Amino acid sequence: MKKFGFLLLIGLLLASCNQKPKQANETDAQKPMMAQTEAPRDGVFIHITQGYAYPHRVLMPLKMAVMMAMDKDVVVYMDIHAVELLVKDAKDLTYADFESFQTYVKQLVEKGVPVMACPTCLKIAGYTPDDLMEGVQVAQKDKFFNFTKGRIVTLDY
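Using this note's numbering, read the sequence shown as starting at 168 and increasing by one per residue.
Structure follows, in structure tokens:
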């Protein structure tokens, strides 16, 4: 009887080792769960402080913002001297191999990218929120964190 039990045990072990692995089939119930596990889009927070004196330091991050907006959540925050560029009567800023400042801002606004001005810097420069060009917003601290569900990468110019 012991031999029979031993042979039966060996037979079962061999049978279990020779089974084909189950195919991983995605059921309809699993599909929504799998979609929920996709990583959220990361965000890029671009901080610009310079103005007319440093056109490269203004236009480079704006060019990057336009490119990154294709597959990232982007916010452009402008303070210190940069707010002078954001008012309606501001002279457009240009630099070799870049589109103009106002062209980049228009592209960003059309893509739904928030372009924000520091309210205190705006006031110090002698402007009010009513002076801002179309599509530019006064910065609000909550929007610094709520613009993306993913990680936030900061580029500081």
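Heads up, the beta-carbon is just placed ideally off N, CA and C, and yes, glycines get one too.
All figures in this text were calculated on a predicted structure; none of them were measured in a lab.
Among the options, nearest to residue i - alpha-carbon criterion
i, options, result
"Ile291", "Gln307, Lys278, His248", "His248"
"Asp264", "Glu301, Lys230, Tyr221, Ile215", "Lys230"
"Thr321", "Val303, Lys278, Lys239, His223", "Lys239"
"Pro286", "Asp297, Lys316, Val225, Thr270", "Asp297"
CA-to-CA distance, residue j to residue i, given in whole angstroms
i, j, result
"Asp256", "Leu299", "9 Å"
"Met227", "Glu205", "31 Å"
"Met237", "Arg208", "11 Å"
"Lys310", "Gly218", "23 Å"
"Tyr221", "Lys316", "33 Å"
Residue i, buried or exposed, once every other Cβ within 10 Å from all chains shown has been counted against 16
i, result
"Gln307", "exposed"
"Val305", "exposed"
"Phe312", "exposed"
"Gly210", "buried"
"Glu251", "buried"
"Ala232", "buried"
N-terminal and C-terminal residue of the beta strand (DSSP E) that residue i is part of
i, result
"His376", "The structure shown does not extend to residue 376, since the chain is modelled only from 168 through 324, so no value can be given for it."
"Leu322", "319-323"
"Phe212", "210-215"
"Tyr219", "Counting along the chain, Tyr219 falls outside any beta strand (DSSP E), and DSSP gives it neither H nor E."
Whole-Å CB distance - residue i paired with residue j, under 8 Å assumed
i, j, result
"Tyr244", "Ile213", "7 Å"
"Ile215", "Tyr324", "5 Å"
Distance cut-off 8 Å: residue i Cβ against heavy atoms of the ligand SAH
i, result
"Gln304", "This structure lacks the ligand SAH; in fact it carries no ligand of any kind."
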